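What follows is one structure encoded as structure tokens, with my remarks underneath.
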Amino acid sequence: MGSAAAGADVGFAAAAKLLAGARDAVLLGHVSPDADALGSALALGLALRRRGCAVAVSVGAPDEMPESLRHLDSANLYVQASRLIDRAPAKLIIALDTGSIDRLGPLAALATATAKAGGTVLVVDHHLSNTRFGTHNLVDPAADATASIVAGLLDELGEPIDEPIARCLYAGLATDTSHFVRATGDTHRLAARLVD
47 MGSAAAGADV GFAAAAKLLA GARDAVLLGH VSPDADALGS ALALGLALRR
97 RGCAVAVSVG APDEMPESLR HLDSANLYVQ ASRLIDRAPA KLIIALDTGS
147 IDRLGPLAAL ATATAKAGGT VLVVDHHLSN TRFGTHNLVD PAADATASIV
197 AGLLDELGEP IDEPIARCLY AGLATDTSHF VRATGDTHRL AARLVD
């Protein structure tokens, strides 16, 4: 993203402040998404929509949501990438579980245009190798999954985790911990909270 690649690292409070008044947001996961990328995007998208924000969730490829993940999109938030590629820059893009801008595939151009137009690109990720390509970056390599970070962000926003959001977050946790084989105690506690 050119000079925008040196964006600020932010904590939960600052990231929540960016989201609190959002009216239009595009949430993106990495190409060939897993349940952490898409589940995290859908969970945050559901919460933002509940706050009155217009939401679109997408991934750069494939254009269709993978069949194995369709059950997570209970509110039909998913939009095909081909419908977003020519969109004007957004005010807010949130890239989830995406370690570098190239992992957005053809939607990387939208993120770049948004940053260049003065919009916000918030990266929410748990990968140690994250390149901090957003204008703002909430990156926690100690987290087992991006879903864990999203849960913390929802708590910071004061947003309740209802059943559809919990289902999305749980799928992300399960995927990125090999079904809890590699999960920390914090992740097990979050999983218990999500099923209660």
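Plus 46 on top of the position in the sequence shown (first one is 1) and you've got the numbering used here. Glycine residues also receive a C-beta, built at the ideal position from the N, C-alpha and C atoms. Since the structure is predicted, the reported quantities are computational estimates derived from the model, not experimental observations.
For residue i, the residue or residues it bridges with in DSSP
i: HIS182; result: ALA54, LEU168
i: ASP190; result: Answer is none; ASP190 lacks a bridge partner.
i: TYR124; result: VAL103
i: ALA161; result: Bridge partners of ALA161: none, in fact.
i: ALA141; result: LEU74, VAL169
Pick from the options that is closest to residue i, judged by C-alpha positions
i: LEU138; options: ILE131, GLY151, THR160; result: THR160
i: GLY53; options: VAL227, ASP222, THR158; result: THR158
i: ASN122; options: GLY98, VAL103, ALA81, ALA59; result: VAL103
i: ALA189; options: ALA71, ALA60, ALA134, VAL170; result: VAL170
i: GLY85; options: PRO112, THR166, ARG239; result: PRO112
i: ARG69; options: THR230, GLY165, ASP186, THR223; result: GLY165
i: LEU130; options: VAL105, ALA229, ALA61; result: VAL105
i: PRO108; options: GLY98, ALA100, VAL101, GLN126; result: GLN126
i: THR221; options: GLY75, SER128, ASP82; result: ASP82
i: ALA71; options: VAL77, VAL56, GLY98; result: GLY98
i: ALA155; options: LEU94, GLY231, PRO135; result: PRO135
i: THR144; options: LEU200, HIS117, ASP80, LEU236; result: ASP80
i: ILE211; options: ASP232, LEU94, LEU184; result: LEU94
i: VAL101; options: LEU115, LEU74, SER114, THR181; result: LEU74
i: LEU174; options: ARG228, HIS182, LEU168, ASP186; result: ASP186
i: VAL196; options: ASN176, THR181, LEU168; result: LEU168
i: LEU115; options: LEU200, THR230, ALA87, PRO152; result: ALA87
i: ALA60; options: ASN176, PRO206, HIS182; result: HIS182
Rounded C-alpha distance that separates residue i from residue j
i: ALA66; j: LEU203; result: 7 Å
i: LYS162; j: ASP148; result: 17 Å
i: GLY198; j: TYR124; result: 23 Å
i: THR192; j: ALA217; result: 11 Å
i: HIS243; j: SER120; result: Lying outside 47 to 242, the shown extent of the chain, residue 243 is not represented and no answer is given.
i: ARG178; j: LYS63; result: 19 Å
i: CYS214; j: LEU184; result: 19 Å
i: SER78; j: LEU150; result: 10 Å
i: ALA89; j: LEU219; result: 12 Å
i: SER146; j: ARG239; result: 31 Å
i: ASP55; j: ALA141; result: 14 Å
Residue i, DSSP secondary structure in three states
i: LEU130; result: coil
i: ILE147; result: helix
i: THR230; result: coil
i: ASP70; result: strand
i: GLY75; result: strand
i: ALA81; result: helix
i: LEU199; result: helix
i: LEU90; result: helix
The ligand NAP heavy atom lying under 7 Å from the CB of residue i
i: LEU219; result: As presented, the structure is devoid of all ligands, the ligand NAP included, so that no description of it is given.
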